[in-house]
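Novice: Read left to right, the sequence shown gives residues 445 to 756 (my numbering).
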Amino acid sequence: MKLGPIVRGLLSFIPGANELLPKRKNGSADSSEGCYYDWLKHLGILYSNGVTKIPNTFAELGPGDSLGVGFAALLSGANVYYAMDIYSHANTEINLKVFDGLVELFKARAPRPWQGFPNIDEYLDENLFPSKILTEELLTATLANDRIQRIRKAIENLGTPQGEILIEYKVPYMNSSVIEKESVDLLFSNAVLEHIEELDFTYKTLYTWLKPNGIMTHLIDFDCHNLTKQWNGYRKINEILWKILVGKKMYLINRQPVSVHLDLIQKNGFKILCNLKKYRTDGIKRSELASKWKNISDDDLTCVVAFIQAQK
Ligand SMILES: C[S@@+](CC[C@H](N)C(=O)[O-])C[C@H]1O[C@@H](n2cnc3c(N)ncnc32)[C@H](O)[C@@H]1O
């Protein structure tokens, strides 16, 4: 167990004390490259599952330090983007910086091999750009100068439509009514669902927002997020120490294994399109598990990342 997370957990009980700690990075959304990679990775897997239409209305849960993944979706042809977070990590300055970087990456058709998911390499051209998905014809239209200017203006004026483009940052979002029922074509999250405690409610809400036949795509990261020395060391921690670690933080990790996500997704009416898992066997041994996790399956114990796509 690392000491830092315990100290941060204890400090969170003192109002304002966490403000004294250095601001932490929330994923990879503070860089244009990170957003470009994340969007293209999800898009490639969607394609491999037969979802070949760029969504008109795109919604993201937990965008993190910028709204860059949504901007990448807009630059690929989406027109409406809703971003929902519980904390306002992003601001206009970082959003514009990430957006300008994304425009350059798309204009250059920058290569982005999807590390770790080789089953979608077939969509890459010889320059490692997914031109079989984002065709020249499509990008000529989506990257037209006047369209780029409208997206930029929509970033500076969140919530105000600029022609066909609308970007809304709903933060903190408190209930499902922040988005109109059945209005979203594609729902996206990257390294977010491992943080949400109310998973059943969340999947129910996502179902409500999606149009009939709408799609959701999630990458769920079961790594310890720097809490413990071993990647799944949090399954060794007893419940009293865990309560201290969580403290009064807005979110930490929910520790729910992949099988819980899959069960809830199906229980809430979705059809699973894909369930790509990555495994690690270098974590803690079964004999080290805290009593809460004694009966966990081998699959749940060793699954470190899951890529789940499902259809309403
Ligand atoms: C690890 S960051 C990931 C950020 C970004 N998606 C990325 O891949 O870089 C986790 C994000 O989930 C958000 N989050 C945590 N709990 C949430 C909740 N209940 N609903 C929506 N977002 C949440 C956090 O505020 C943060 O933006």
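Cβ atoms here follow ideal geometry from the backbone N, Cα and C, with glycine treated the same way.
Would LEU631 and LEU654 qualify as a contact pair, given that the criterion is a beta-carbon distance under 8 angstroms?
Specialist: yes
Novice: Can you tell me where the alpha helix (DSSP H) holding SER492 begins and where it ends?
Specialist: 476–492
Novice: Can you give me the start and stop residues for the beta strand (DSSP E) that GLN755 sits inside?
Specialist: 747–755
Novice: Going by beta carbon distance, what residues of the same chain come within less than 7 angstroms of PRO557, once the five residues before and after it are set aside?
Specialist: Cβ neighbours of PRO557 beyond the five flanking positions: LEU568 and LEU572.
Novice: Have a look at PHE714 and LEU650 and give me their C-alpha separation to the nearest angstrom.
Specialist: 10 angstroms
Novice: Is it the case that the CB of SER472 approaches a heavy atom of ligand 1 more closely than 7 angstroms?
Specialist: yes
Novice: Quick check on DSSP: helix, strand or coil for HIS662?
Specialist: strand
Novice: Could you give the distance in angstroms between the alpha-carbon of SER476 and the alpha-carbon of ASP590?
Specialist: 21 angstroms
Novice: Measuring only the C-alpha atoms, how far is LYS597 from GLY488?
Specialist: 29 angstroms
Novice: Is it the case that the Cβ atoms of HIS795 and ILE752 are separated by a distance below 8 angstroms?
Specialist: This structure does not reach residue 795, given that the chain is present from 445 up to 756, and the question cannot be answered.
Novice: Once DSSP output is grouped into helix, strand and coil, what is the label at VAL542?
Specialist: helix
Novice: How is the alpha helix (DSSP H) around LYS597 delimited, first residue to last?
Specialist: Per DSSP, LYS597 belongs to the alpha helix (DSSP H) from 589–600.
Novice: If you follow the alpha helix (DSSP H) that ALA516 is part of, which residue opens it and which one closes it?
Specialist: 512–519
Novice: Given 7 angstroms as the limit, tell me if ALA635 has its C-beta closer than that to any heavy atom belonging to ligand 1.
Specialist: For ligand 1, at least one heavy atom lies less than 7 angstroms from the Cβ of ALA635.
Novice: Can you give, in chain order, each stretch of the beta strand (DSSP E) that sits fully within the segment 714–747 and has at least 3 residues?
Specialist: 715–723
Novice: Can the beta-carbon of ALA516 be found closer than 8 angstroms to that of CYS479?
Specialist: yes
Novice: Sort LEU671, CYS718 and ILE564 by Cα distance to ILE659 and report the nearest one.
Specialist: CYS718
Novice: Starting from the Cα of LYS738, find the closest Cα among ALA527, TRP686 and ASN682 and give me that residue.
Specialist: ASN682
Novice: Between which residues of its own chain and PRO499 is the CB-CB distance below 6 angstroms, once the five residues before and five after are set aside?
Specialist: ALA522, ASP629 and LEU630
Novice: Taking the beta strand (DSSP E) that ALA503 falls in, what are its first and last residues?
Specialist: Per DSSP, ALA503 belongs to the beta strand (DSSP E) from 501–505.
Novice: Decide if the segment 522–540 is in contact with the segment 502–513; the criterion is three or more beta carbon pairs, one per stretch, under 8 angstroms apart.
Specialist: yes
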